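Below is one structure, written out as C-alpha coordinates, with a few remarks after it.
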Amino acid sequence: MALDAIKVLLVEDDPVFRNIVASFLRSRGASVTEAGDGEIALAQFFSESFDILLSDLTMPNMTGLELLHELAQAGAYIPAIVMSGNQHMSIVSDALRLGASDYLVKPISDLYQIEHAINESLRHVTREDGNLAQDLDELSYQELNEHLALLERNANAARSVQQQLFSASTVNYQQANFEFSLFTGNDVSPYFIDSERVGCQHLVMYMAHFYPEDNKAAFASVLLRNFVHQSVQQLQKQGVELEPCKMLGFINQRLVHSGMGFYTDMILVVYEFSSRTTRIAQAGSGLRCFLRQDEDFTPLMLPATIQLGLLEWDDCQGHVRILEKGEKICVLSQNRTHKDFISRNLFSGVEYRPELPAGGYFQLSPEN
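Per the UniProt record's numbering, the sequence shown starts with residue 1, numbered consecutively.
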(Lines of atoms letter the chains of each structure in order from A and count residues from 1; the text may use other names and numbers.)
(Lines give C-alpha, C1' and ligand atoms only; values in the text may rest on other atoms or scores of the structure.)
Protein backbone atom coordinates (compact mmCIF):
# COMPACT_ATOMS: atom_id res chain seq x y z
CA MET A 1 0.00 0.00 0.00
CA ALA A 2 1.47 3.35 -1.01
CA LEU A 3 1.46 6.51 1.11
CA ASP A 4 -0.47 8.76 -1.26
CA ALA A 5 -1.31 12.17 0.24
CA ILE A 6 -0.23 11.17 3.76
CA LYS A 7 1.38 14.10 5.60
CA VAL A 8 4.39 12.96 7.61
CA LEU A 9 6.33 14.99 10.18
CA LEU A 10 9.81 13.41 10.12
CA VAL A 11 12.05 14.25 13.08
CA GLU A 12 15.66 13.05 12.81
CA ASP A 13 18.91 14.78 13.78
CA ASP A 14 21.09 12.77 11.37
CA PRO A 15 20.76 14.74 8.10
CA VAL A 16 21.93 11.82 5.94
CA PHE A 17 19.45 9.32 7.34
CA ARG A 18 16.72 11.98 7.42
CA ASN A 19 17.26 12.68 3.72
CA ILE A 20 17.20 8.95 2.88
CA VAL A 21 13.94 8.38 4.75
CA ALA A 22 12.33 11.57 3.44
CA SER A 23 13.24 10.70 -0.15
CA PHE A 24 11.84 7.19 0.23
CA LEU A 25 8.57 8.41 1.76
CA ARG A 26 8.15 11.01 -0.98
CA SER A 27 8.78 8.34 -3.61
CA ARG A 28 5.91 6.40 -2.04
CA GLY A 29 3.58 9.39 -2.36
CA ALA A 30 3.82 10.98 1.09
CA SER A 31 4.14 14.68 1.81
CA VAL A 32 7.09 15.03 4.20
CA THR A 33 8.05 17.91 6.49
CA GLU A 34 11.52 17.53 8.00
CA ALA A 35 12.79 18.63 11.42
CA GLY A 36 16.25 18.22 12.93
CA ASP A 37 15.14 18.05 16.56
CA GLY A 38 12.09 18.03 18.80
CA GLU A 39 11.94 21.80 19.29
CA ILE A 40 11.70 22.46 15.56
CA ALA A 41 9.18 19.64 15.18
CA LEU A 42 7.00 21.04 17.97
CA ALA A 43 6.82 24.42 16.26
CA GLN A 44 6.01 22.80 12.93
CA PHE A 45 3.34 20.59 14.49
CA PHE A 46 1.38 23.57 15.76
CA SER A 47 1.77 25.52 12.53
CA GLU A 48 0.22 22.93 10.22
CA SER A 49 -1.60 19.59 10.32
CA PHE A 50 -0.03 16.15 9.95
CA ASP A 51 -1.32 12.61 9.68
CA ILE A 52 1.55 10.91 11.47
CA LEU A 53 4.76 11.63 13.40
CA LEU A 54 7.94 9.65 12.66
CA SER A 55 10.62 10.56 15.18
CA ASP A 56 14.03 9.53 16.38
CA LEU A 57 14.28 9.25 20.17
CA THR A 58 17.83 10.49 20.79
CA MET A 59 18.28 14.08 19.58
CA PRO A 60 19.77 17.36 20.85
CA ASN A 61 17.69 20.24 22.27
CA MET A 62 14.53 18.15 22.65
CA THR A 63 14.50 14.35 22.48
CA GLY A 64 11.78 12.26 20.90
CA LEU A 65 10.43 11.33 24.34
CA GLU A 66 10.32 14.99 25.35
CA LEU A 67 8.49 15.78 22.12
CA LEU A 68 5.88 13.09 22.82
CA HIS A 69 5.52 14.41 26.36
CA GLU A 70 4.97 17.98 25.16
CA LEU A 71 2.31 16.83 22.69
CA ALA A 72 0.58 14.78 25.38
CA GLN A 73 0.64 17.71 27.81
CA ALA A 74 -0.93 19.90 25.14
CA GLY A 75 -3.67 17.33 24.56
CA ALA A 76 -2.58 16.99 20.93
CA TYR A 77 -3.08 13.48 19.59
CA ILE A 78 -1.23 12.23 16.52
CA PRO A 79 -0.22 8.67 15.60
CA ALA A 80 3.49 8.38 16.34
CA ILE A 81 6.23 5.95 15.36
CA VAL A 82 9.57 6.21 17.14
CA MET A 83 12.98 5.04 15.92
CA SER A 84 16.13 4.47 17.91
CA GLY A 85 19.29 2.43 18.18
CA ASN A 86 18.82 2.49 21.96
CA GLN A 87 17.26 -0.87 22.74
CA HIS A 88 16.68 -0.37 26.47
CA MET A 89 13.14 -1.57 27.10
CA SER A 90 12.52 1.28 29.55
CA ILE A 91 12.88 3.68 26.60
CA VAL A 92 10.45 1.58 24.58
CA SER A 93 8.02 1.52 27.48
CA ASP A 94 8.20 5.28 27.99
CA ALA A 95 7.59 5.93 24.29
CA LEU A 96 4.58 3.62 24.22
CA ARG A 97 3.27 5.09 27.46
CA LEU A 98 3.41 8.54 25.87
CA GLY A 99 1.28 7.39 22.97
CA ALA A 100 3.64 5.94 20.36
CA SER A 101 1.93 3.26 18.30
CA ASP A 102 5.08 1.51 17.07
CA TYR A 103 8.83 1.31 17.71
CA LEU A 104 11.47 0.65 15.04
CA VAL A 105 15.01 -0.37 15.92
CA LYS A 106 17.87 1.25 14.02
CA PRO A 107 19.59 0.54 11.76
CA ILE A 108 16.60 0.16 9.46
CA SER A 109 17.91 -1.59 6.36
CA ASP A 110 14.51 -2.16 4.78
CA LEU A 111 12.73 1.19 4.43
CA TYR A 112 9.53 -0.62 3.56
CA GLN A 113 9.35 -1.44 7.30
CA ILE A 114 8.66 2.26 7.83
CA GLU A 115 5.95 2.29 5.18
CA HIS A 116 4.33 -0.77 6.75
CA ALA A 117 4.44 0.79 10.23
CA ILE A 118 2.85 4.01 8.94
CA ASN A 119 0.04 2.12 7.22
CA GLU A 120 -0.57 -0.01 10.32
CA SER A 121 -0.71 3.03 12.60
CA LEU A 122 -3.06 4.93 10.30
CA ARG A 123 -5.21 1.84 9.82
CA HIS A 124 -5.80 1.74 13.57
CA VAL A 125 -6.73 5.43 13.59
CA THR A 126 -9.18 4.95 10.72
CA ARG A 127 -10.79 2.02 12.47
CA GLU A 128 -10.96 3.95 15.74
CA ASP A 129 -13.23 6.49 14.09
CA GLY A 130 -15.56 3.72 12.94
CA ASN A 131 -15.14 1.04 15.58
CA LEU A 132 -13.12 1.94 18.66
CA ALA A 133 -13.60 -1.42 20.33
CA GLN A 134 -11.93 -3.25 17.46
CA ASP A 135 -9.01 -0.82 17.41
CA LEU A 136 -8.32 -1.48 21.08
CA ASP A 137 -7.75 -5.13 20.23
CA GLU A 138 -4.68 -4.58 18.07
CA LEU A 139 -1.21 -3.04 18.10
CA SER A 140 1.82 -3.71 15.97
CA TYR A 141 4.06 -5.88 18.17
CA GLN A 142 6.70 -6.78 15.57
CA GLU A 143 9.60 -5.14 17.40
CA LEU A 144 8.27 -6.02 20.85
CA ASN A 145 8.03 -9.69 19.90
CA GLU A 146 11.68 -9.62 18.96
CA HIS A 147 12.48 -8.22 22.40
CA LEU A 148 10.31 -10.90 24.04
CA ALA A 149 12.30 -13.65 22.33
CA LEU A 150 15.51 -12.02 23.54
CA LEU A 151 14.27 -11.77 27.12
CA GLU A 152 13.15 -15.40 27.19
CA ARG A 153 16.68 -16.46 26.22
CA ASN A 154 18.68 -13.98 28.28
CA ALA A 155 18.00 -13.74 32.02
CA ASN A 156 20.41 -10.83 32.50
CA ALA A 157 18.67 -8.79 29.81
CA ALA A 158 15.28 -9.60 31.29
CA ARG A 159 16.39 -8.56 34.77
CA SER A 160 17.84 -5.31 33.44
CA VAL A 161 14.63 -4.47 31.60
CA GLN A 162 12.41 -4.99 34.62
CA GLN A 163 14.73 -3.22 37.06
CA GLN A 164 14.60 -0.07 34.93
CA LEU A 165 10.81 0.05 35.30
CA PHE A 166 10.71 0.20 39.09
CA SER A 167 10.55 3.53 40.90
CA ALA A 168 12.22 4.44 44.18
CA SER A 169 10.80 2.71 47.25
CA THR A 170 9.06 5.94 48.30
CA VAL A 171 7.50 8.47 45.95
CA ASN A 172 6.12 11.72 47.36
CA TYR A 173 3.23 12.99 45.25
CA GLN A 174 2.87 16.09 47.50
CA GLN A 175 -0.67 15.20 48.59
CA ALA A 176 0.07 11.51 49.16
CA ASN A 177 2.97 9.12 49.58
CA PHE A 178 3.40 5.87 47.68
CA GLU A 179 5.72 3.28 49.25
CA PHE A 180 6.50 -0.32 48.34
CA SER A 181 8.69 -3.37 48.82
CA LEU A 182 9.09 -6.27 46.42
CA PHE A 183 11.09 -9.43 47.14
CA THR A 184 12.38 -11.89 44.57
CA GLY A 185 14.75 -14.81 44.50
CA ASN A 186 14.94 -15.02 40.71
CA ASP A 187 16.45 -12.91 37.95
CA VAL A 188 13.00 -11.56 37.11
CA SER A 189 10.24 -10.92 39.63
CA PRO A 190 6.83 -12.42 38.77
CA TYR A 191 5.37 -9.47 40.69
CA PHE A 192 5.23 -5.86 39.51
CA ILE A 193 4.30 -2.68 41.40
CA ASP A 194 3.95 0.78 39.87
CA SER A 195 2.29 4.16 40.35
CA GLU A 196 1.54 7.09 38.07
CA ARG A 197 0.22 10.58 38.72
CA VAL A 198 -2.53 11.55 36.28
CA GLY A 199 -2.91 15.30 35.91
CA CYS A 200 -3.38 17.32 39.08
CA GLN A 201 -6.18 15.28 40.62
CA HIS A 202 -5.47 11.55 40.43
CA LEU A 203 -2.95 8.92 41.39
CA VAL A 204 -3.08 5.46 39.79
CA MET A 205 -1.26 2.55 41.45
CA TYR A 206 -1.33 -1.21 41.10
CA MET A 207 0.24 -4.55 41.95
CA ALA A 208 0.31 -7.51 39.57
CA HIS A 209 1.36 -11.16 39.79
CA PHE A 210 2.25 -12.69 36.41
CA TYR A 211 1.95 -16.28 35.26
CA PRO A 212 3.96 -18.19 34.17
CA GLU A 213 6.65 -17.12 36.61
CA ASP A 214 9.53 -16.87 34.15
CA ASN A 215 11.49 -14.29 32.17
CA LYS A 216 8.33 -13.31 30.29
CA ALA A 217 7.39 -11.34 33.41
CA ALA A 218 9.88 -8.63 32.39
CA PHE A 219 8.09 -8.13 29.09
CA ALA A 220 4.71 -8.47 30.80
CA SER A 221 5.71 -5.61 33.11
CA VAL A 222 6.47 -3.39 30.11
CA LEU A 223 3.17 -4.20 28.42
CA LEU A 224 1.09 -3.85 31.57
CA ARG A 225 2.59 -0.46 32.35
CA ASN A 226 1.80 0.66 28.83
CA PHE A 227 -1.76 -0.71 28.89
CA VAL A 228 -2.49 1.01 32.21
CA HIS A 229 -1.42 4.32 30.74
CA GLN A 230 -3.44 3.71 27.58
CA SER A 231 -6.53 2.89 29.66
CA VAL A 232 -6.16 6.24 31.43
CA GLN A 233 -5.84 8.06 28.11
CA GLN A 234 -8.89 6.29 26.72
CA LEU A 235 -11.13 7.22 29.65
CA GLN A 236 -9.87 10.81 29.54
CA LYS A 237 -10.73 11.03 25.84
CA GLN A 238 -14.23 9.82 26.66
CA GLY A 239 -14.52 12.46 29.39
CA VAL A 240 -15.47 9.94 32.07
CA GLU A 241 -14.23 9.15 35.57
CA LEU A 242 -11.05 7.10 35.98
CA GLU A 243 -12.84 3.91 36.95
CA PRO A 244 -10.59 0.93 37.87
CA CYS A 245 -13.11 -1.64 36.62
CA LYS A 246 -13.21 -0.05 33.18
CA MET A 247 -9.41 0.15 33.21
CA LEU A 248 -9.12 -3.55 34.06
CA GLY A 249 -11.56 -4.38 31.28
CA PHE A 250 -9.42 -2.42 28.80
CA ILE A 251 -6.21 -4.08 30.02
CA ASN A 252 -7.77 -7.54 29.89
CA GLN A 253 -8.92 -7.00 26.32
CA ARG A 254 -5.44 -5.97 25.25
CA LEU A 255 -3.77 -8.91 27.01
CA VAL A 256 -6.23 -11.46 25.62
CA HIS A 257 -5.61 -10.29 22.07
CA SER A 258 -1.87 -9.71 22.43
CA GLY A 259 -1.08 -13.40 22.02
CA MET A 260 1.81 -13.05 24.47
CA GLY A 261 0.83 -16.09 26.53
CA PHE A 262 0.74 -14.70 30.05
CA TYR A 263 -2.00 -13.78 32.52
CA THR A 264 -2.06 -11.94 35.82
CA ASP A 265 -3.69 -11.25 39.16
CA MET A 266 -4.00 -7.51 39.69
CA ILE A 267 -5.36 -4.94 42.12
CA LEU A 268 -5.68 -1.41 40.73
CA VAL A 269 -6.30 1.69 42.85
CA VAL A 270 -7.30 5.19 41.69
CA TYR A 271 -7.01 7.94 44.31
CA GLU A 272 -8.46 11.45 43.91
CA PHE A 273 -6.43 14.01 45.85
CA SER A 274 -9.06 16.68 46.48
CA SER A 275 -11.89 14.45 47.72
CA ARG A 276 -9.73 11.57 49.07
CA THR A 277 -12.01 9.25 47.11
CA THR A 278 -10.41 5.86 46.53
CA ARG A 279 -11.64 3.46 43.85
CA ILE A 280 -10.34 -0.11 43.87
CA ALA A 281 -10.85 -3.09 41.56
CA GLN A 282 -9.39 -6.57 41.41
CA ALA A 283 -8.75 -9.30 38.85
CA GLY A 284 -7.98 -12.80 40.07
CA SER A 285 -7.78 -13.69 43.74
CA GLY A 286 -4.07 -13.89 44.49
CA LEU A 287 -3.63 -10.45 46.10
CA ARG A 288 -5.17 -8.79 49.16
CA CYS A 289 -6.25 -5.21 49.89
CA PHE A 290 -6.48 -3.70 53.38
CA LEU A 291 -7.68 -0.47 54.95
CA ARG A 292 -5.02 0.48 57.47
CA GLN A 293 -5.29 2.77 60.47
CA ASP A 294 -2.21 2.75 62.69
CA GLU A 295 -1.58 -0.97 63.38
CA ASP A 296 -5.08 -2.11 62.49
CA PHE A 297 -5.49 -3.82 59.09
CA THR A 298 -9.09 -4.32 57.93
CA PRO A 299 -9.43 -6.53 54.83
CA LEU A 300 -11.51 -5.07 52.02
CA MET A 301 -13.72 -7.68 50.39
CA LEU A 302 -13.25 -6.88 46.71
CA PRO A 303 -15.47 -8.60 44.13
CA ALA A 304 -13.13 -10.81 42.10
CA THR A 305 -13.06 -11.69 38.42
CA ILE A 306 -10.92 -14.22 36.63
CA GLN A 307 -7.31 -13.28 36.00
CA LEU A 308 -6.45 -10.80 33.27
CA GLY A 309 -5.39 -12.25 29.94
CA LEU A 310 -7.34 -15.52 29.97
CA LEU A 311 -10.57 -14.64 28.19
CA GLU A 312 -13.01 -11.79 27.60
CA TRP A 313 -15.17 -10.65 30.50
CA ASP A 314 -17.56 -7.80 31.27
CA ASP A 315 -16.78 -4.92 33.62
CA CYS A 316 -16.15 -6.00 37.19
CA GLN A 317 -17.61 -4.50 40.36
CA GLY A 318 -15.26 -2.32 42.36
CA HIS A 319 -15.02 -0.76 45.80
CA VAL A 320 -15.32 2.99 46.53
CA ARG A 321 -14.58 4.77 49.78
CA ILE A 322 -13.48 8.18 51.05
CA LEU A 323 -10.39 7.87 53.22
CA GLU A 324 -10.67 9.44 56.64
CA LYS A 325 -7.78 11.13 58.39
CA GLY A 326 -5.12 8.55 59.25
CA GLU A 327 -6.49 5.85 56.94
CA LYS A 328 -4.24 4.21 54.35
CA ILE A 329 -4.69 1.66 51.58
CA CYS A 330 -2.39 -1.36 51.46
CA VAL A 331 -2.13 -4.04 48.76
CA LEU A 332 -0.20 -7.23 49.57
CA SER A 333 0.67 -10.64 48.26
CA GLN A 334 -0.77 -13.41 50.41
CA ASN A 335 2.06 -14.13 52.81
CA ARG A 336 2.27 -13.48 56.55
CA THR A 337 5.88 -12.37 56.29
CA HIS A 338 4.95 -9.55 53.93
CA LYS A 339 2.11 -8.42 56.18
CA ASP A 340 4.49 -8.39 59.14
CA PHE A 341 6.97 -6.27 57.17
CA ILE A 342 4.40 -3.69 56.10
CA SER A 343 3.01 -3.48 59.64
CA ARG A 344 6.54 -2.44 60.67
CA ASN A 345 6.65 0.12 57.83
CA LEU A 346 9.55 -1.56 56.05
CA PHE A 347 9.67 -0.11 52.54
CA SER A 348 12.82 -0.93 50.60
CA GLY A 349 11.84 -1.08 46.93
CA VAL A 350 13.00 -4.12 44.96
CA GLU A 351 15.23 -6.54 46.86
CA TYR A 352 16.88 -9.80 45.86
CA ARG A 353 15.97 -11.96 48.87
CA PRO A 354 15.89 -15.66 47.91
CA GLU A 355 15.33 -16.63 51.54
CA LEU A 356 11.95 -14.83 51.53
CA PRO A 357 8.74 -15.78 49.75
CA ALA A 358 8.36 -13.93 46.44
CA GLY A 359 5.91 -11.05 46.52
CA GLY A 360 5.55 -7.76 48.32
CA TYR A 361 3.25 -4.87 49.06
CA PHE A 362 2.54 -1.17 48.56
CA GLN A 363 0.93 1.49 50.70
CA LEU A 364 -0.94 4.68 49.82
CA SER A 365 -0.69 7.29 52.58
CA PRO A 366 -2.68 10.51 51.99
CA GLU A 367 -1.39 13.61 53.70
CA ASN A 368 -3.49 14.50 56.74
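By construction, the Cβ of each residue, glycine as well, lies at the ideal position given by its N, Cα and C atoms.
Every value quoted in this text rests on a predicted model; they were computed, and no experiment measured them.
Item, Value
"Coil, strand or helix - alanine 22 by DSSP", "helix"
"Helix, strand or coil at lysine 106 according to DSSP, with G and I counted as helix", "coil"
"Meets three-Cβ-pair contact criterion under 8 Å: the region 250-266 and the region 216-233", "yes"
"From Arg292, Glu295 and Gly284, residue whose alpha carbon lies closest to that of isoleucine 306", "Gly284"
"Euclidean distance between Cα positions of proline 357 and alanine 220", "21 Å"
"Nearest-angstrom beta carbon gap, asparagine 226 and leucine 96 [assumed within contact, 8 Å]", "4 Å"
"Beta-ladder partner(s) of asparagine 186, from DSSP", "Partner(s): none; asparagine 186 has no beta bridge."
"Beta-carbon contacts of glycine 286 that lie in its chain and below 7 Å, excluding the five residues immediately before and after", "His209, Asp265 and Gln334"
"Residue(s) in a DSSP beta bridge with histidine 319", "Ile280"
"Separation of arginine 159 from aspartate 187, as counted between CA atoms", "5 Å"
"N-terminal and C-terminal residue of the alpha helix (DSSP H) that cysteine 245 is part of", "244-258"
"Whole-angstrom distance between serine 343 and tyrosine 103, CA atom to CA atom", "43 Å"
"Leucine 346 burial status per 10 Å Cβ neighbour count (16 or more: buried)", "exposed"
"DSSP three-state assignment for threonine 298, whether helix, strand or coil", "strand"
"Cβ neighbour criterion (16 or more within 10 Å) applied to serine 93", "buried"
"Range covered by the alpha helix (DSSP H) that runs through leucine 328", "Before going on, a small fix: residue 328 reads as lysine here, not leucine. Taken as a continuous stretch (DSSP letters only), lysine 328 belongs to no alpha helix (DSSP H), being part of the beta strand (DSSP E) at 327-333."
"Cut-off 8 Å between Cβ atoms - residues of its own chain near lysine 246, not counting five sequence neighbours on either side", "Ser231, Leu235, Val240 and Asp315"
"Cα-Cα separation, asparagine 172 to glutamate 48", "39 Å"
"Buried versus exposed call for cysteine 289 [16 or more other C-beta atoms within 10 Å across all chains shown]", "buried"
"Short Cβ contact (7 Å threshold) for leucine 268 with tyrosine 206", "yes"
"N-terminal and C-terminal residue of the alpha helix (DSSP H) that valine 11 is part of", "Premise fails: valine 11 lies in the beta strand (DSSP E), 7-11, not in any alpha helix (DSSP H)."
"Alpha-carbon to alpha-carbon, glutamine 282 and alanine 72", "29 Å"
"Residues near aspartate 56 by beta carbon distance below 7 Å, same chain, minus five either side", "Val11, Glu12, Asp13, Gly64, Met83 and Ser84"
"For threonine 337, the first and last residue of its enclosing alpha helix (DSSP H)", "336-343"
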